[in-house]
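In UniProt numbering, the protein residues as written are 1 to 456. Worksheet: one structure, shown below.
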Ligand SMILES: *Cc1c(COP(=O)(O)O)cnc(C)c1O
């Protein structure tokens with residue numbers, strides 16, 4: 001039997017329908033950078049799965065009844081209960097979004113000169129480590145580099161390398177280990193429970209704290225039930241709770257698996273660490289019972305954290321990603337295997353072989369999807385990660401030229417995804433016609449948000 005979403009639409013919103021000429025003008029005005037496009041010029045918006053999920057009637061009903069008391073609001077206690085139903089952390093602090101959780105926790109854990117070790121630091125996570133004068137070191141497992149292999153847990157941290165790092169000359173500079181579930185920077189690939197347990201054992205031995213970056217804790221848990229021997233009969237909630245239980249704490253953006261427009265939390269066991277976080281929280285985010293969040297978002301999060309663990313929902317979401325990957329692959333557009341849940345990563349380097357890395361094939365494919373179909377998505381390749389010289393020419397390419405097609409939660413119907421597949425199939429009929437791009441202007445920091453380009 002095929003999986004279907006365990007919900008139906010009750011409120012809908014119109015999407016913009018544009019002409020090719022509209023889109024050509026809009027993209028030129030945007031400097032050929034999708035981040036500069038006004039959303040009302042985008043038909044299918046697959047830029048991100050962050051804060052873009054559709055609300056349930058239960059979330060909106062709770063939001064309408066939110067308690068906006070400054071301290072100790074009912075909404076806070078419902079939020080805290082929802083987190084307590086999932087984690088055993090005695091100290092839970094709400095924050096406005098994931099990067100605020102990172103800043104508050106890392107400032108309280110790390111000393112300048114220390115190293116944060118991760119399977120892969122997400123971009124804001126890396127920035128928050130580096131802003132503290134620390135080094136963010138990624139140790140993804142070897143399988144991560146093979147885009148086509150069907151290894152089930154390509155999000156894993158490299159355990160032998162972690163062991164060598166902790167017991168080597170840099171070992172006493174490691175201030176924390178952070179395991180990102182799922183590994184967003186690594187194609188949305190999951191981390192196995194066996195890998196997490198092995199990382200925890202090494203951290204205990206070397207007395208280094210270990211935390212989760214748990215933005216997609218439910219999707220990771222689902223993929224564990226699907227792929228890890230011994231977990232077939234466990235619920236996603238049980239697996240997620242076990243992951244949270246294993247470690248010393250977490251940061252979690254709730255704009256992803258919290259299915260909320262805004263929100264995040266920090267959870268820790270250590271009382272002294274919690275009190276350092278709380279001081280910083282109150283000074284920079286908000287009082288400990290709202291942490292920069294409006295009460296209505298505390299309510300949406302409280303419901304979202306439960307809804308996201310519905311196996312029917314996760315199964316349907318997995319089926320959506322697999323189906324789109326299959327359609328793209330059938331049309332000749334390869335994607336990172338095996339498909340995860342929150343996004344499909346297209347192998348643009350392989351499709352657009354006439355374009356060298358310095359003409360940014362990932363970006364070229366993303367622009368083409370917009371021009372042909374009004375679909376917005378983002379490059380993950382040399383434009384984002386490569387090294388440029390002073391003339392904005394590429395000197396060191398990224399290891400891959402990918403396009404990320406993010407899948408917002410509960411938003412698009414199967415027909416929308418079929419349309420995306422159709423647009424890809426059209427492009428794949430004559431990939432040689434897709435032009436490359438050259439950079440006109442590239443700011444030094446957070447470059448991909450502000451780049452301006454032109455067709456080459
Ligand atoms: C989105 C994300 C963050 C940052 O969270 P925001 O809520 O966007 O600030 C951190 N880590 C990972 C893995 C993410 O996907």
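Idealized CB from N, CA, C, for every residue including glycine. Keep in mind it's a predicted model, so treat the numbers as computed, not measured.
Kindly indicate the opening and closing residues of the alpha helix (DSSP H) around residue 472.
-> With the chain covering only 1 through 456, there is no way to say anything about residue 472.
When DSSP builds the beta bridges, which residues end up paired with residue 266?
-> Walking along the chain shown from the start, residue 266 turns up at place 266. Paired residues: 93, 251.
Which whole-angstrom value is the C-beta distance of residue 403 and residue 346, which I expect to be below 8 Å?
-> Taking the first residue of the chain shown as position 1, residue 403 is located at position 403. Taking the first residue of the chain shown as position 1, residue 346 is located at position 346. Right, the Cβ-Cβ distance comes to about 4 Å (below 8 Å), so this counts as a contact.
Under the DSSP definition of a beta bridge, which residues are partnered with residue 176?
-> To locate residue 176, count along the chain shown from 1; it is residue 176. In the DSSP output, where bridge partners are listed per residue, residue 176 has 116.
Is the region 253 to 273 in contact with the region 33 to 41, if contact means three or more CB pairs nearer than 8 Å?
-> no
Reference residue 327, options 344, 313, 315, 312, closest by Cα | Locating residue 327 in the chain shown gives position 327, counting from the first residue. Cα-wise, what sits closest to residue 327 is 344.
Return yes when the Cβ of residue 362 is within less than 8 Å of the Cβ of residue 381, no when it is not.
-> For the purposes of this step, residue 381 is taken as the residue at position 381 of the chain shown. For the purposes of this step, residue 362 is taken as the residue at position 362 of the chain shown. Taking 8 Å as the Cβ cut-off, residue 381 and residue 362 qualify as a contacting pair.
As assigned by DSSP and simplified to three states, the class of residue 43 = Residue numbering aside, residue 43 sits at position 43 when the chain shown is read from its first letter. If DSSP states are grouped into helix, strand and coil, residue 43 belongs with coil.
Candidates 437, 174, 99: closest to residue 112 by CA position | Within the chain shown, residue 112 is the residue found at index 112, counting from 1. Nearest C-alpha to residue 112: 174.
heavy atom of ligand 1 below 7 Å from residue 99 C-beta = Counted from its first residue, the chain shown places residue 99 at position 99. In this structure, residue 99 has its beta carbon less than 7 Å from a heavy atom of ligand 1.
How close, in whole Å, do the beta carbons of residue 96 and residue 280 come, if the pair is a contact with beta carbons under 8 Å?
-> Indexing the chain shown from 1 puts residue 96 at position 96. Indexing the chain shown from 1 puts residue 280 at position 280. In fact, because the Cβ distance is near 13 Å, the residues do not count as touching under 8 Å.
Does the region 361 to 375 come within contact of the region 410 to 424, defined as at least 3 CB pairs closer than 8 Å?
-> Contact check between the region 361 to 375 and the region 410 to 424: three or more CB pairs, one atom from each, fall below 8 Å, which counts as touching.
Residue 213: CB within 7 Å of a non-hydrogen atom of ligand 1 = Indexing the chain shown from 1 puts residue 213 at position 213. Yes, since a heavy atom of ligand 1 falls inside the 7 Å radius drawn around the Cβ of residue 213.
Reference residue 375; option with closest CA among 23, 388, 14 = Here residue 375 refers to the residue found at position 375 when the chain shown is read from its first residue. Checking every option, the nearest Cα to that of residue 375 belongs to 23.
Three-state class that DSSP yields for residue 211 in the structure shown = In the chain shown, the residue the question calls residue 211 occupies position 211. Three-state DSSP puts residue 211 in a strand.
Would you give the residue range spanned by the beta strand (DSSP E) that residue 2 belongs to?
-> Reading the chain shown from its first residue, position 2 is the one you call residue 2. Taken as a continuous stretch (DSSP letters only), residue 2 belongs to no beta strand (DSSP E), as it is neither H nor E.
Would you check if there are 3 or more beta carbon pairs closer than 8 Å linking the region 114 to 134 to the region 293 to 307?
-> The region 114 to 134, when compared against the region 293 to 307, does not touch it at the 8 Å Cβ threshold.
Any idea which residues DSSP pairs residue 85 with across the strands?
-> For this step, residue 85 is matched to residue 85 along the chain shown. Note: residue 85 sits in no beta bridge, so no partner.
Determine the direct distance from the alpha carbon of residue 150 to that of residue 462, and round the result to whole angstroms.
-> With the chain covering 1 to 456 only, the question about residue 462 has no answer from this structure.
Residue 56 versus residue 302: straight-line alpha-carbon distance, rounded = Here residue 56 corresponds to residue number 56 of the chain shown, with the count starting at 1. Here residue 302 corresponds to residue number 302 of the chain shown, with the count starting at 1. Those two C-alpha atoms are separated by around 12 Å.
Can you tell me whether residue 415 is buried or exposed, with buried defined as 16 or more other CB within 10 angstroms of its CB?
-> As a first step, residue 415 is located in the chain shown; it is residue number 415 there, counting from the start. Burial call: exposed.
How many Å lie between residue 449 and residue 107 at the Cα?
-> In the chain shown, residue 449 corresponds to position 449, counting from 1. In the chain shown, residue 107 corresponds to position 107, counting from 1. Spanning the two alpha carbons is a distance of roughly 25 Å.
What is the rounded straight-line gap between the Cα of residue 172 and the Cα of residue 198?
-> In the chain shown, the residue the question calls residue 172 occupies position 172. In the chain shown, the residue the question calls residue 198 occupies position 198. In a straight line, the C-alpha of residue 172 is about 19 Å away from that of residue 198.
Tell me the start and end of each unbroken beta strand (DSSP E) in the region 407 to 450 that is at least 3 residues and wholly inside, in chain order.
-> 437 to 441
In the DSSP assignment, what residue or residues form a beta bridge with residue 346?
-> Translated into the one-based positions of the chain shown, residue 346 becomes position 346. DSSP output for residue 346 lists 335, 403 as bridge partner(s).
Residue closest to residue 349, alpha-carbon to alpha-carbon, out of 142, 147, 59 | Here residue 349 refers to the residue found at position 349 of the chain shown. Residue 147 is the option with its Cα nearest to residue 349.
Go ahead and label residue 115 buried or exposed: buried means 16 or more other beta carbons lie within 10 angstroms of its beta carbon, across all protein chains shown.
-> One-based indexing of the chain shown puts residue 115 at position 115. Label assigned to residue 115: buried.
Return yes when the C-beta of residue 52 is under 7 Å from any heavy atom of ligand 1, and no when it is not.
-> Within the chain shown, numbered from 1, the residue matching residue 52 stands at position 52. Checking every heavy atom of ligand 1 against the Cβ of residue 52, none is found closer than 7 Å.
Range of the contiguous alpha helix (DSSP H) that encloses residue 109 | Indexing the chain shown from 1 puts residue 109 at position 109. 98 to 109 is the span of the alpha helix (DSSP H), which, as asked, contains residue 109.
Among 396, 400, 319, which residue has its Cα nearest to the Cα of residue 1?
-> Translated into positions along the chain shown, residue 1 becomes position 1. The shortest C-alpha separation from residue 1 is found at 319.
Let me know the secondary structure DSSP gives residue 396 once reduced to three states.
-> Within the chain shown, numbered from 1, the residue matching residue 396 stands at position 396. Per DSSP, reduced to three states, the secondary structure at residue 396 is strand.
Would you call the CB atoms of residue 311 and residue 396 closer than 8 Å?
-> Taking the chain shown and counting its residues from 1, the one referred to as residue 311 is at position 311. Taking the chain shown and counting its residues from 1, the one referred to as residue 396 is at position 396. No; because the gap between Cβ atoms is not below 8 Å, this pair is not in contact.
Which residues in the same chain have their Cβ closer than 8 Å to the Cβ of residue 298, if we skip the five residues on either side of it in sequence?
-> Indexing the chain shown from 1 puts residue 298 at position 298. Excluding positions up to five away in sequence, the list reads 66, 73, 75, 76, 78, 79, 94, 263, 290.
Can you tell me whether DSSP reads residue 183 as helix, strand or coil?
-> Your numbering for residue 183 matches position 183 in the chain shown. Three-state DSSP puts residue 183 in a strand.
Three-state secondary structure assigned by DSSP to residue 239 | For the purposes of this step, residue 239 is taken as the residue at position 239 of the chain shown. Three-state DSSP puts residue 239 in a helix.
Taking Cβ to Cβ, would you say residue 405 is nearer than 8 Å to residue 162?
-> Within the chain shown, numbered from 1, the residue matching residue 405 stands at position 405. Within the chain shown, numbered from 1, the residue matching residue 162 stands at position 162. No, the pair does not count as a contact, with Cβ atoms beyond the cut-off.
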